[in-house]
Each structure stands twice: as C-alpha cells, then as structure tokens.
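Report on the following structure.
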Amino acid sequence: MKPAATILGLTLLAACSQQPAPGNGAQPHDAMAHDAMAPGATDSAATRGYKQSMAAMMTKAPPYTGDADVDFMQQMRVHHAAAVAMARTELAHGKDPEARTLAQAVIDTQQEEIEQIDRWLEAKGR
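Quick note on numbering: the working numbering labels position 75 of the sequence shown as 64, and the sequence is numbered without any gaps.
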C-alpha cells in the first residue's frame, strides 16, 4: 500500500476503534463524534459524501467476537468499504489529478482486499 493510502487507512481504522468491547455496557459510538458525521444542510456534496462514508463505517461495523482473526477481517472489511466510498466521492467531486489518481488506486486495491476478506470469511463460515 502506498504511504498516502496507508495514512488514509490508519485514519479510518482509528475512527472504527471507538466501538466498545462486548458486554461492557458502553454505547457503541460517541454521540458527539456521530453528530459530527451527520451531513449538514450547508455541507458541499463532497463533504456529505465523506461524512456518509464515515458514518456508515461507524454504524455497520459488526460487534467484536473475541477471535482476533475474525475481528480483524470483519472490521477491515467495513473499513475498506468506507475507503472505497470516500475514494468514489473524490472521483465524483475532486479536481486535483494526484488526489484523483490516489482515489482510483484506493478503489482498485481496497476492492481486491475486500474480495480476499470475503473469501476468507466465507471459508471460515462467517
């Protein structure tokens, strides 16, 4: 993975890390962070797209199972899907050639990894 894609990936993964461990009674998402991801009336189309992709990642992440391998694969799948959504927003609204090239690379590599994760999860009966 290229450095910029790695930074994007780590940022998205950090955002996902707010989910509590099973059984601790905590709310799964910080309310203020969730509100910050809600599209606003004055947001640009790109900002709405980015916020929607982040909010989807936060709400679609499956609960942790306690199995490090399964948890990694399931959480990374949601994380990669959000990265693809963000990259598609960039392609739809961005103008900078370098950013657009990176967005396309993110889509290509993350889609391949999503397919790999799906095969792994299916083989494990998940």
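All C-beta atoms in this analysis are idealised placements derived from N, C-alpha and C, irrespective of residue type, glycine included.
Whether S42 touches A74 by CB criterion (8 angstroms): As a working note, residue 42 is residue 53 in the sequence shown. As a working note, residue 74 is residue 85 in the sequence shown. Yes. Within cutoff.
Which value, in whole angstroms, describes the spacing of the CA atoms of P86 and P28? Here residue 86 corresponds to residue number 97 of the sequence shown, with the count starting at 1. Here residue 28 corresponds to residue number 39 of the sequence shown, with the count starting at 1. About 26 angstroms.
Classification of G55 by the beta-carbon crowding that lies within 10 angstroms, buried from 16 upward: Within the sequence shown, numbered from 1, the residue matching residue 55 stands at position 66. With fewer than 16 other Cβ atoms within 10 Å, it is exposed.
Starting from A57 and walking both ways along the alpha helix (DSSP H), at which residues does that stretch end? As a working mapping, residue 57 is identified with position 68 in the sequence shown. First-last of the alpha helix (DSSP H) with A57: 57 to 82.
What residues in its chain sit with their C-beta under 6 angstroms from that of H69, if we drop five residues either side in the sequence? For the purposes of this step, residue 69 is taken as the residue at position 80 of the sequence shown. For H69, where only same-chain residues beyond five positions count, the Cβ hits under 6 angstroms are Q99, E102, I103.
Where P51 falls: helix, strand or coil (DSSP): Counted from its first residue, the sequence shown places residue 51 at position 62. Of the three classes helix, strand and coil, the one that applies to P51 here is coil, per DSSP.
Taking the C-alpha atoms as reference points, what is the distance between T0 and A72? To locate residue 0, count along the sequence shown from 1; it is residue 11. To locate residue 72, count along the sequence shown from 1; it is residue 83. The pLDDT assigned to T0 is 48, lower than 50, so where the model puts this residue is not dependable; a value taken from the coordinates is nonetheless given after this. Roughly 10 angstroms between the two C-alpha positions.
Contacts around T78, its chain only, beta-carbon distance under 7 angstroms, and the 5 residues preceding and following it disregarded: On the sequence shown, position 89 is the one that residue 78 refers to. For T78, where only same-chain residues beyond five positions count, the Cβ hits under 7 angstroms are A35, G38, Y39, S42.
CB contact flag (V67, M46, <8 angstroms): Within the sequence shown, residue 67 is the residue found at index 78, counting from 1. Within the sequence shown, residue 46 is the residue found at index 57, counting from 1. Contact flag set, yes.
Between which residues of its own chain and G83 is the CB-CB distance below 6 angstroms, once the five residues before and five after are set aside? Here residue 83 refers to the residue found at position 94 of the sequence shown. Contacts found: R89.
CA-CA distance, M62 and I106? The residue given as residue 62 occupies position 73 in the sequence shown. The residue given as residue 106 occupies position 117 in the sequence shown. Cα to Cα, M62 sits roughly 6 angstroms from I106.
How would you label A30, buried or exposed, when you count the other beta carbons within 10 angstroms and need 16 or more for buried? As a working note, residue 30 is residue 41 in the sequence shown. Under this definition A30 is an exposed residue.
Quick check on this structure: which residue in A94, M26, P51, Y53 has the alpha carbon closest to the alpha carbon of A44? Within the sequence shown, the letter at position 55 stands for residue 44. For A44, the nearest C-alpha among the options comes from M26.
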